[in-house]
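Student:
Here it is in structure tokens:
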């Protein structure tokens, strides 16, 4: 199916420049687009490819309209406009409702008639699944867990007992929601399990990436608010709260009882100590070691950037020379004092 | 069901203070507890909530008995007493034995009559499953693998061939036991797989968190001793040994052939180089980079704590100024020598 | 089954020293080998065990032939010879072809007659599975995905729609291929999903470890070239390219659009920022924070090695003293200038 460019410009409230009758039937990157493709320019490092693009049209910001060699849609946020149009041109395949004959759905659960449940999925007793949900192959929906409407569990997702999801939640393969938190009491050197009886409560419009784990609360709940986006391989420990519209990149670990504000951006491979507070609008760069609460919005970092192995070894040695350096300075100061006195 | 407080105090050998007939029917946090709830105070940061708690009773240490506004159970280790009582008040739902009609159990396996096997679980040839084990949905028990008694595999757990588990082992969803270790030999720039023919041998009372992976040994076995507790998203490489009652927090990676002692506490996001030895009773703080063996008990650390991005950039620049600083000091020393000589 | 040592020496083109009729029926480590076992010496730290080994024969490099107390096979690369012989002595059990009656194979897919599909595996519409592939229990092969010949998916592997694998690819349990990349556009503080319509394209002779995730490209593909070996718990983001014969150790995260060269060796727990280029033959040590492109072959590092907690606290304090140190040096220089002038 193809769309005239003018209609796509209207769809995103953008300004059309050039031939509005130009037919668009797909989206592509600025370097690989060809005839019939729409592309976009949103990252400075790709500007050098604009002049040579073979796309039929480009979504650009006002600054780039003059540089664009083809028809274009001008809009202040080209990446957003692109996201909208790409979703229009490449709609998700939708399953019609129904329970696959190879699924196991407990008779004491409640699955909406418009929901789809795939082969080898398990819906346990007391679970409730809302309208138009898609529960892919091998998913497990634990006892008493509830899903709102329009949730998509791609496949192989495990939701343990008594968890709750809002509407429009997307869970990718390997996600585990509601596993026990890591709670233990020590008795003479042995560790005794502390029962984890809280839940995981997830808001609406949340997306969680492949193999990410979210532990249930120990007593209170682990909470992920509306609009949160979590990348792959993230660990969210028990009793964490993640504020609305916060995004976290892959491989990050959030320790127990950490309270993260709204609209934060947390890079990949970050780790936080437990029981911390992170304010709204905090940006933490990748691989940062968060050892204390962050109480003001802003950008925060730690970690040592890569260098050659030779340079790195030198830096590590220098760090250990600092004690010696301070001693030498102290001695110099004494000697200069003495010279001054003597002069 | 509710319990008189006096009975709970007896159950944990604690001292009862106040009304022993007070009825307890649940546990909750000190801030959220209400009438009928028992709570506890074990972490200094929550002491400020003690005076205002609405719990019916609190488990406290002797130091806090005077501050407690309600009935209490006094015991030297409140968190341990809480763990015991919470387990009593919130017992796990147990499946009665039996094989779900949608499970696949190879006729050449041996499953105890008191064990439960859930829908879509797979028990392969030669596997043995002990008394009262619970094998949740979608678990795979590989050929010749053996589970002791009372193991609980929550669901979606994969145990590869020829692994061995003791009694009372808990494995959370996404756990993989016995995947091949990362062993390769190089031949003219290409990597040739080295067969991984060892096993994983896990002791009793071990708990392993969601999406944690434990590779099988190359030739000898990977060994996890009794009472070890592993959090989520941990990687245990081939031929590692983890000593009894050691705990490891989430996202940590243990490289091949590392030998970790007993009763260690290893924080989250830690990484170890391979072929290291870590002594008994070593405590490693989160995100530490363990580049060498640790041969004495104690606390060990590395990594740079978070600061503002601005401060971090300054620190990184300073590190590189050290060479220059040493040169300047040397020059000063020479000049002061000269001045001294001249004076 | 047992093999005469002479035949094994021939098999790896090694030089036989000692009794070629010696019968070998297994492989073992140098410390645990007994009569009938073949072992190898490839790592200097195990040389001290050579004199006392009870193995029937040892594979050694020319340097060690004199030290070897038993029969031996001499070869320049003992570990490679060992890998070959271990594969010969411990061949993988192979399934004969066929679809398990409890698998779900869509009638519109194409599964080779010599392939095996295990219980509760799902093969979706349009998928193609080549000769002698083994699709273990609980694997999902998404719509239109294609596997070459001789691939082994151990079990519980998820391949999403439209992905492509070459020949002889091994995927361990928990692997997810083709999950959506982490792409979002911001609209007034909320995040809008950017459709991920690229694929994952994997070459031949690739092995991917347990619980590793590889996201599909946003528009173009994520590409893993021939002979790449990925360990467990690795995250490969959208539009990454990993060049042929590169190996990456566990827990590493590769951010989006990073382009990694051929024959690289990347340690465990490494993180890379996005949109970087890493040249061929780069070696990055474990836990390095790769913040910029690496354009030349060589060894690269970062991170602070472990020390005692006490020493670490001192180092962190020193780093913050640097500003003060520079001030003190500057003052000293001024005073010495003044003394010089006055003298």
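Residue numbers (the numbering used here), protein chains in the order written: chain A, 49 to 391; chain B, 49 to 391; chain C, 49 to 391. Note that the Cβ used here is the ideal one computed from N, Cα and C, for glycine as well.
Quick check on residue 126 of chain B: buried or exposed, where buried means 16 or more other Cβ atoms within 10 Å of its Cβ?
Tutor: Buried, since its Cβ has 16 or more Cβ neighbours within 10 Å.
Student: When the Cβ atoms of the segment 247 to 266 of chain A are set against those of the segment 211 to 229 of chain A, are three or more pairs found closer than 8 Å?
Tutor: Yes, since at least three Cβ pairs between the segment 247 to 266 of chain A and the segment 211 to 229 of chain A fall closer than 8 Å, the two stretches touch.
Student: How big is the Cα-Cα spacing for residue 352 of chain A and residue 368 of chain A?
Tutor: Cα-Cα distance, rounded: 16 Å.
Student: Would you call the segment 173 to 182 of chain B and the segment 154 to 165 of chain B in contact, with 3 or more CB pairs under 8 Å?
Tutor: Verdict: yes, contact present.
Student: Over what stretch of residues does the beta strand (DSSP E) that includes residue 331 of chain C continue unbroken?
Tutor: Segment 330 to 332, the beta strand (DSSP E) holding residue 331 of chain C.
Student: Considering Cα atoms alone, identify which of C:186, C:257, C:208 is closest to residue 192 of chain C.
Tutor: Looking at the Cα atoms, C:208 is the closest of the given residues.
Student: In the DSSP output, which residue or residues are listed as bridge partners for residue 348 of chain A?
Tutor: Paired residue(s): A:332, B:356.
Student: According to DSSP, is residue 374 of chain A helix, strand or coil?
Tutor: DSSP places residue 374 of chain A in helix when its eight states are reduced to three.
Student: In the DSSP assignment, find the beta strand (DSSP E) that holds residue 263 of chain C and state where it starts and stops.
Tutor: It spans 261 to 263 - the beta strand (DSSP E) in which residue 263 of chain C sits, taken as one unbroken run.
Student: Starting from residue 272 of chain B and walking both ways along the beta strand (DSSP E), at which residues does that stretch end?
Tutor: From DSSP, the beta strand (DSSP E) with residue 272 of chain B extends over 270 to 272.
Student: Would the C-beta of residue 182 of chain A count as close to the ligand NAD, meaning under 8 Å from any of its heavy atoms?
Tutor: In terms of ligand content, the structure shown is empty, and the ligand NAD therefore cannot be addressed.
Student: Please determine if the segment 254 to 261 of chain A and the segment 232 to 241 of chain A are in contact, where contact requires at least 3 C-beta pairs separated by less than 8 Å.
Tutor: No, the segment 254 to 261 of chain A is not in contact with the segment 232 to 241 of chain A.
Student: Can you give me the C-alpha to C-alpha distance between residue 303 of chain A and residue 370 of chain B, rounded to a whole angstrom?
Tutor: Their backbone Cα atoms lie some 35 Å apart in a straight line.
Student: For chain C, find out if any of its Cβ atoms is closer than 9 Å to the Cβ of residue 235 of chain B; answer yes or no.
Tutor: It does: the Cβ of residue 235 of chain B has a partner Cβ on chain C nearer than 9 Å.
Student: Listed from N- to C-terminal order along the chain, which residues in the segment 336 to 357 of chain B have their beta-carbon within a distance smaller than 8 Å of any beta-carbon of chain C?
Tutor: Residues passing the 8 Å Cβ filter: 336, 337, 338, 339, 340, 342, 346, 347, 348, 349, 350, 351, 352, 353.
Student: Measure how close the beta-carbons of residue 286 of chain B and residue 256 of chain B come, nearest whole angstrom, since I'm counting them as under 8 Å.
Tutor: The pair is not a contact, with the Cβ atoms about 16 Å apart (cut-off 8 Å).
Student: Residues of chain A with CB under 8 Å from residue 49 of chain B, in chain order?
Tutor: None at all; the shortest Cβ gap to chain A is about 15 Å.
Student: For the structure I just gave you, are there three or more beta carbon pairs, one from the segment 69 to 78 of chain B and one from the segment 266 to 273 of chain A, closer than 8 Å?
Tutor: Touching, yes, given that three or more Cβ pairs across the two stretches are closer than 8 Å.
Student: Starting from residue 133 of chain B, follow the beta strand (DSSP E) in both directions and report where the run begins and ends.
Tutor: Run containing residue 133 of chain B: none in the beta strand (DSSP E); it sits in the alpha helix (DSSP H), 126 to 137.
Student: Using a C-beta cutoff of 9 Å, does residue 301 of chain A count as contacting chain B?
Tutor: Taking Cβ atoms only, chain B reaches closer than 9 Å to residue 301 of chain A, which makes this a yes.
Student: Which one of A:217, A:237, A:246, A:274 has the shortest CA to CA distance from residue 229 of chain A?
Tutor: When each option's Cα is compared against that of residue 229 of chain A, the closest is A:246.
Student: Could you tell me the distance, in whole angstroms, from the CA atom of residue 337 of chain B to the CA atom of residue 321 of chain C?
Tutor: Rounded to whole angstroms, residue 337 of chain B to residue 321 of chain C spans 19 Å at the Cα level.
Student: Taking the straight line between their C-alpha atoms, what separation do you get for residue 66 of chain B and residue 110 of chain B?
Tutor: Roughly 14 Å between the two C-alpha positions.
Student: Using a C-beta cutoff of 9 Å, does residue 259 of chain C count as contacting chain B?
Tutor: It does; some Cβ of chain B falls within 9 Å.
Student: Tell me the DSSP bridge mates of residue 227 of chain A?
Tutor: Beta-bridge pairing links residue 227 of chain A to A:263.
Student: What in chain C is Cβ-close to residue 391 of chain B, meaning under 7 Å?
Tutor: Going along chain C in sequence order, the residues near residue 391 of chain B (Cβ under 7 Å) are 391.
Student: Name the chain C residues whose beta carbon is nearer than 8 Å to that of residue 221 of chain A?
Tutor: Correct list: 188, 206, 208, 224, 227.
Student: Drop a sphere of 10 angstroms on the beta-carbon of residue 182 of chain A, count the other beta-carbons inside from all chains shown, and report buried for 16 or more, exposed for fewer.
Tutor: It counts as buried.
Student: How would you list, in chain order, the residues of chain C whose beta-carbon sits under 9 Å from the beta-carbon of residue 298 of chain B?
Tutor: Residues of chain C passing the Cβ test: none, with the nearest at roughly 11 Å.
Student: Just verifying my parser: in three-state terms, what is the DSSP assignment at residue 110 of chain A?
Tutor: Correct three-state label for residue 110 of chain A: helix.
Student: Would you say residue 227 of chain C and residue 280 of chain A are within 9 Å of each other, going by their C-beta atoms?
Tutor: Yes, they are a contact pair.
Student: I need the DSSP call for residue 310 of chain A, collapsed to helix, strand or coil.
Tutor: Note: residue 310 of chain A maps to coil in three-state DSSP.
Student: Are the segment 308 to 319 of chain C and the segment 332 to 348 of chain C touching by the rule of at least three beta carbon pairs closer than 8 Å?
Tutor: The segment 308 to 319 of chain C vs the segment 332 to 348 of chain C: in contact.
Student: Mind listing the chain C neighbours of residue 275 of chain A? Cutoff is C-beta to C-beta under 9 Å, in chain order.
Tutor: The answer, in chain order, is 237, 238, 239.
Student: Taking Cβ positions, are residue 276 of chain B and residue 295 of chain B nearer each other than 9 Å?
Tutor: Yes, the pair counts as a contact, with Cβ atoms nearer than the cut-off.
Student: Closer than 8 Å by beta-carbon distance: list the chain B residues that pair up with residue 319 of chain A, in chain order.
Tutor: Neighbours of residue 319 of chain A on chain B, chain order: 299, 316, 317, 334, 335.
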